[in-house]
Amino acid sequence: MQKFDLSIVSCEIGSVLIFTKNGICEKIELSNDLYAPSGENIFTAQISEYLSGKRREFDFPVRYSSGPVFEKIWESLKENVPYGKIITYGELAKICNANPRVVGYAMAMNRLPLYIPCHRVVGKNSLGGFNGKNGLKWKEYLLRLEGSI
DNA sequence: CGCGTACATAGCC
DNA sequence: GGCTATGTACGCG
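Next comes the structure, spelled out in structure tokens:
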């Protein structure tokens, strides 16, 4: 069994749970419930700054793998969609030579909701979903934070 | 291991 | 407005 170290950053609408192991972030979870802030490290520091609008990008080690196609999509997303910009599933799909549906699925399988800017990926005729209906609140909050809406 | 189904969509009829 | 395409992951037999 893997033993994860849990760090927590709280904000107005909920808390960000950061699961790290050996100094590497392996999982991020967005919760609507408020937790007591825990852990002072580069993860909590950067996310806290990001939620305050001071930081635009994250610079901490992460680890993810759910297939080569998904990694390509996430890499293309980070490279082509900077802070404050949004992209549609179709455009992102065109960049990484995939299909829109695959992109949506890649976002659904994303384990790092904040590090991977999946909240900047929206549908053409709708905002799309985000981490289920539970995280749609977060999506709106993040897009508003970046000034996209 | 092979088949069928579900996905946070886009595009055509 | 409704149906189909296209790729991946997951469940079941």
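The opening position of the first sequence corresponds to residue -1 in my numbering, with each subsequent residue numbered one higher.
Cβ atoms here follow ideal geometry from the backbone N, Cα and C, with glycine treated the same way.
Since the model is a prediction, treat every value here as computed from it, not as a measurement.
Bounding residues of the alpha helix (DSSP H) (the contiguous stretch that carries residue i)
{"i": "residue 49", "result": "40 to 49"}
{"i": "residue 134", "result": "134 to 144"}
Per-residue DSSP class, three states only, for residue i
{"i": "residue 116", "result": "helix"}
{"i": "residue 100", "result": "helix"}
{"i": "residue 148", "result": "Residue 148 falls outside the range modelled here, since the chain spans only -1 to 147, and no answer is possible."}
{"i": "residue 79", "result": "coil"}
{"i": "residue 8", "result": "strand"}
{"i": "residue 36", "result": "strand"}
{"i": "residue 105", "result": "helix"}
{"i": "residue 90", "result": "helix"}
{"i": "residue 71", "result": "helix"}
{"i": "residue 111", "result": "coil"}
Cβ-heavy atom distance, residue i to the ligand NAD, below 6 Å
{"i": "residue 59", "result": "This structure lacks the ligand NAD, and indeed carries no ligand of any kind."}
For residue i, the residue or residues it bridges with in DSSP
{"i": "residue 3", "result": "18"}
{"i": "residue 26", "result": "16"}
{"i": "residue 60", "result": "23"}
Cβ-Cβ separation, residue j to residue i (assumed contact under 8 Å), whole Å
{"i": "residue 23", "j": "residue 68", "result": "With 8 Å as the limit, residue 23 and residue 68 do not qualify as a contact, their Cβ atoms being about 17 Å apart."}
{"i": "residue 71", "j": "residue 101", "result": "6 Å"}
{"i": "residue 133", "j": "residue 28", "result": "5 Å"}
{"i": "residue 135", "j": "residue 20", "result": "That pair is no contact at about 32 Å."}
{"i": "residue 141", "j": "residue 117", "result": "6 Å"}
{"i": "residue 143", "j": "residue 51", "result": "6 Å"}
{"i": "residue 86", "j": "residue 137", "result": "With a Cβ gap of about 14 Å, residue 86 and residue 137 do not count as contacting."}
{"i": "residue 48", "j": "residue 8", "result": "With a Cβ gap of about 13 Å, residue 48 and residue 8 do not count as contacting."}
{"i": "residue 146", "j": "residue 82", "result": "6 Å"}
{"i": "residue 74", "j": "residue 94", "result": "4 Å"}
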